[in-house]
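Only one structure is covered here, and it is reproduced in the block below.
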Amino acid sequence: MAMFTDIMNLHEHFPAIAGTIALGLLLMLLLTGFLSKQRSRFSRRSSSLPAVPGLPLIGNLLQLKDKKPHQTFTMWAETYGPIYSIRTGASTIVVLNSTNLAKEAMVTKFSSISTRKLSNALKILTADKSMVATSDYNDFHKLVKRYILTGMLGANAQKRHRGHRDTMIENILRHLHTHTQENPLTPVNLRQIFKTEIFSLALKQALGKDVESPIYVAELGTRLSRDEIFEVLVVDPMMGAIEVDWRDFFPYLRWVPNKSLEMKIKRMEMRRQAVMKALIEEQKKRISSGKELNSYLDFLLSEGKTLTEKQLTMLIWEAIIEASDTTLVTTEWVMYELAKNPKYQDHLYREIQNVCGTNKYTEEHLSELPYLSAVFHETLRRHSPVPVIPLRYVHEDTQLGGYDIPAGSEISINIYGCNMDKKQWAEPEEWKPERFLDSKYDPMDLHKTMAFGGGKRICAGSLQAMTISCTAIARFVQDFSWSLKQGEEEDVNTNMPKICNSEQAMPISETERLLAISARLLAIMGAMFDTLTAYERDHFSVGPCSLVSLVLQVLCNCHSEDHVYGKADEILGASFIFGDSLVDAGNNNYLSTLSKANIPPNGIDFKASGGKPTGRFTNGRTIGDIVGEELGQSSYAAPFLAPNTTGKAILNGVNYASGGGGLMNATGRIFVNRLSMDIQIDYFNITWKQLNGLLGASKAREFIMKKAIFSITVGANDFLNNYLFPLLSVGERISESPDVFINHLISNLRGQLTRLYNLDARKFVIGNVGPIGCIPYQKTINQINQDQCVDLPNKLALQYNGRLKDLLTELNENLPGATFVLANVYDLVMELITNYEKYGFKSASKACCGNGGQFQGIIPCGPTSSMCEDRSKYVFWDPYHPSEAANVIIAKQLIDGDTRYISPMNLRHLRDH
-12 MAMFTDIMNL HEHFPAIAGT IALGLLLMLL LTGFLSKQRS RFSRRSSSLP
38 AVPGLPLIGN LLQLKDKKPH QTFTMWAETY GPIYSIRTGA STIVVLNSTN
88 LAKEAMVTKF SSISTRKLSN ALKILTADKS MVATSDYNDF HKLVKRYILT
138 GMLGANAQKR HRGHRDTMIE NILRHLHTHT QENPLTPVNL RQIFKTEIFS
188 LALKQALGKD VESPIYVAEL GTRLSRDEIF EVLVVDPMMG AIEVDWRDFF
238 PYLRWVPNKS LEMKIKRMEM RRQAVMKALI EEQKKRISSG KELNSYLDFL
288 LSEGKTLTEK QLTMLIWEAI IEASDTTLVT TEWVMYELAK NPKYQDHLYR
338 EIQNVCGTNK YTEEHLSELP YLSAVFHETL RRHSPVPVIP LRYVHEDTQL
388 GGYDIPAGSE ISINIYGCNM DKKQWAEPEE WKPERFLDSK YDPMDLHKTM
438 AFGGGKRICA GSLQAMTISC TAIARFVQDF SWSLKQGEEE DVNTNMPKIC
488 NSEQAMPISE TERLLAISAR LLAIMGAMFD TLTAYERDHF SVGPCSLVSL
538 VLQVLCNCHS EDHVYGKADE ILGASFIFGD SLVDAGNNNY LSTLSKANIP
588 PNGIDFKASG GKPTGRFTNG RTIGDIVGEE LGQSSYAAPF LAPNTTGKAI
638 LNGVNYASGG GGLMNATGRI FVNRLSMDIQ IDYFNITWKQ LNGLLGASKA
688 REFIMKKAIF SITVGANDFL NNYLFPLLSV GERISESPDV FINHLISNLR
738 GQLTRLYNLD ARKFVIGNVG PIGCIPYQKT INQINQDQCV DLPNKLALQY
788 NGRLKDLLTE LNENLPGATF VLANVYDLVM ELITNYEKYG FKSASKACCG
838 NGGQFQGIIP CGPTSSMCED RSKYVFWDPY HPSEAANVII AKQLIDGDTR
888 YISPMNLRHL RDH
């Protein structure tokens, strides 16, 4: 009864949310009965198939929440065998964990399970299966697969594209040689180099040419750089493809809206279509002028007359995106394993030397290098680039492994589990290339690890993937000796992501081999000799002294680039701001959320906007704004989601903060949408790539490490709008102790700060949680006096703050080169509240702008709110947030204060540190 009373109270202020909660309770009752019928149907038809126990209604969903289903599937196989069933909501999935079962499903029983089951997101992103990889096995699939093999990926087409691949490999080698000369002690970001060049190859093969300068995208009304195009065509769709829509698990609830996700995916699709249209139209103009190139687009326009415009666009996009990920990931894993295992690296180097001598490795050498092939296949086995094959749908009753599988089931083939099967592989957890030198394996067999699928749906790009990866590996080992960064000898399997938009690079370093150095010096000598006059050539001495002198002259006569990002005093104090509504500069303006401050009188004292609301949850500047001003920024850090936060604007810093956001992803869900800390860091990852595009990789890294301050103000919502709000608490969190909940918060924050560190952040300031029991909202709902504070929220804040201090001490000790500064916001704000008259305030209990109760602490500030006469006399602007006057006092203490409030150094010292 209490729950329904709470819902009715909630309805008064948030009718949409209350309705959703009530609807959810009703649906749970209806669905439980429906699902029990579905389960009994499956059990009658496949009574002996092992099933992993799950929960009513949701099945095994919670057991898969760690987003590494392949590892969970493999663990379950040890208990339930190589084939078993699980439930994900309304769906029954049969999981296969052995090579024999996988081949049975993909080859023998293919006719019964040949269709794809796509998520809502993938249906949109693939234009309802308008691609080779996602289409059902029908006439369209056969036609377009023939097109892609004939036009781009088949053996004959690959011969036509040989020049593009050779150029790509030489460009990568050039970058690596430059890195060893300029940064010999720094691990190389092989991923960044490889990603850039393989994207170039994909564009050349698909469209005929690379994108060398920004292109105008008419439907977006702007120009996009090459890096921005990569984000739109590759990164965004990859991230969208793994978005989870709860309605996928309960298809009979598709009528329930999930507008936030739908808008996000449709925006990705719209941007992707707009960019592809611009790229294709540019090449159509080239073709109409009579200039033909060897590209997939030229081929399709000539041969694919029956294709619709959308199908043509999707096929060209597929050719771009599918060349931009798995080959890169596999190659990087190979180099990691070779760096980790010097004896295997030496074995491969000797094989290459025996076959190639002093000549460069070429694609023709692959058939003569069985150990290189073994290295490639062992890496596919141990580090499957696609650990779980996309779900297939059983459209007619069939059998697998002797079990009856009813129509309507889904099949998940766990490639990772197949390749870690101890019955199939000896010591499967070990990386041992020699296992593929056994006579039972064909050195050129692409099917042995199932990494490219099998049967009629085998990956069309398998030949290109093997050719590029093996060529890159051979050339890398031929020219360089590879080693792990000191202290990184441990296995990184659990830390390395599988998609190329992640910038967590492998900790590997390269050193030029003597033969490579000699070849480079001879090339330099030859170029130098070509510039000599006839007289100089006749009198040229080849003695050792003149040779050394000449080489040193050439090597030292290097071109020095300008400092791209400007003078030091122009960029001091660049701020990258993360957090919640205390520092939100307007990101929530661009979200469908209940947490917004883009209505008057918010912003009434914000001079930069002329007193108009900007989305800041105060009457003027936030603490982040004031700190930025004092530390030399020419303008405020712009909200990440604002359309104009692009180009050189990001050199001043970017604000990712979001009202309602927290350390936990579930925090603040009462507001419908908000950016959690995890999402904010995902967005900084995008900015990181943009900075690389603007400045170049090395200067972007220097800029971030030396010129930027990363401020994090978050945590209050995790208590106010999660732990202390039972209706919003997640599952077992309702009954969690404060210790356990705070452990979760600290664990999340540790991971988030480490992610930022891995993205080159080095100067951090982290605010602790303020006295949240003293805000007008808490005082009002708890009906206490103006000189009192609510005890429980403050105790939770202090407990968290103690753990935060310990965490920052730990990180300062364990993350080299980083400085973590603790901003003691709790004591600062408590000082203002306790001694408010000393600082010129009239009230530290009542909100200047708000409604409800003695302290105007219920309804947030809006056009109908009552407002105080002198805003500078109130510590609190609204029921939750400080006024600009309070923010100024807090900011000044953080900038120039002593260790009572900011330690181990203040922000001015941190800027110059």
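So for the sequence shown, the working numbering puts the first residue at -12; every next one is plus one.
Note that the Cβ used here is the ideal one computed from N, Cα and C, for glycine as well.
These numbers come from a predicted model, not from an experiment.
Own chain residues within Cβ distance below 6 Å of residue i, not counting five before or after
i, result
"L791", "N755"
"F236", "T75 and G76"
"G41", "N47 and R74"
"W63", "V39"
"I820", "C761 and A831"
"P891", "none"
"M118", "M301 and E305"
"H128", "S122"
First and last residue of the uninterrupted beta strand (DSSP E) at residue i
i, result
"G680", "Run containing G680: none in the beta strand (DSSP E); it sits in the alpha helix (DSSP H), M664 to L682."
"P377", "V375 to Y380"
"D391", "Y390 to I392"
"G566", "A561 to G566"
"L280", "It is not in any beta strand (DSSP E) - L280 carries neither H nor E in the DSSP assignment."
"V222", "Unbroken run through V222: none, as it is neither H nor E."
"W412", "From DSSP, W412 is part of no beta strand (DSSP E); its letter is neither H nor E."
C-beta atoms of residue i and residue j nearer than 8 Å
i, j, result
"Y358", "E338", "yes"
"I252", "I111", "yes"
"S568", "F604", "yes"
"G837", "P866", "yes"
"D466", "L172", "no"
"A584", "T609", "no"
"F563", "F697", "yes"
"W921", "N346", "Nothing in the structure corresponds to residue 921, since the chain is present only between -12 and 900."
"D197", "S212", "no"
"F807", "I753", "yes"
"F565", "Y623", "no"
"F423", "H364", "yes"
Through-space distance from residue j to residue i, alpha-carbon basis
i, j, result
"N772", "M854", "21 Å"
"K750", "L894", "10 Å"
"T366", "A38", "31 Å"
"D612", "A872", "13 Å"
"S470", "G441", "35 Å"
"R444", "E309", "15 Å"
"Y710", "L163", "50 Å"
"M139", "T300", "15 Å"
"N281", "S106", "35 Å"
"F286", "T79", "42 Å"
"I511", "N341", "Any reading at I511 must be qualified, since the residue scores a pLDDT of 45, below 50, and its modelled position is unreliable; no value is offered."
"P420", "P43", "45 Å"
"K272", "E296", "16 Å"
"I666", "D223", "13 Å"
"K410", "E215", "46 Å"
"R210", "G680", "14 Å"
"R858", "I591", "10 Å"
"V375", "A120", "14 Å"
Start and end residues, alpha helix (DSSP H) containing residue i
i, result
"K833", "Looking at the DSSP string, K833 is not in any alpha helix (DSSP H); the run it does join, the beta strand (DSSP E), is S830 to A834."
"A750", "According to the sequence provided, residue 750 is Lys. The question's Ala does not apply to it. First-last for K750: K750 to G754, but that is the beta strand (DSSP E), not the alpha helix (DSSP H)."
"L810", "According to the sequence displayed, residue 810 carries Ala and not Leu. Per DSSP, A810 belongs to no alpha helix (DSSP H); it is in the beta strand (DSSP E), T806 to A810."
"F363", "P357 to R369"
Neighbourhood of residue i by C-beta, 7 Å cutoff - its chain only, sequence neighbours within 5 removed
i, result
"N769", "V777"
"M692", "D747 and R749"
"P725", "L783 and Q786"
"Y390", "S33, S35, L36 and I70"
Residue(s) in a DSSP beta bridge with residue i
i, result
"N799", "Answer is none; N799 lacks a bridge partner."
"E397", "I80 and Y380"
"Q386", "D391"
"P869", "F863"
"N642", "I564 and P626"
is_contact[residue i, chain B] using C-beta, thresh 8 Å
i, result
"G649", "No chain B is present in this structure, which holds just one protein chain."
Sequence-distant residues of the same chain with beta carbon closer than 8 Å to residue i, five excluded per side
i, result
"D123", "S101, T102, R103 and K116"
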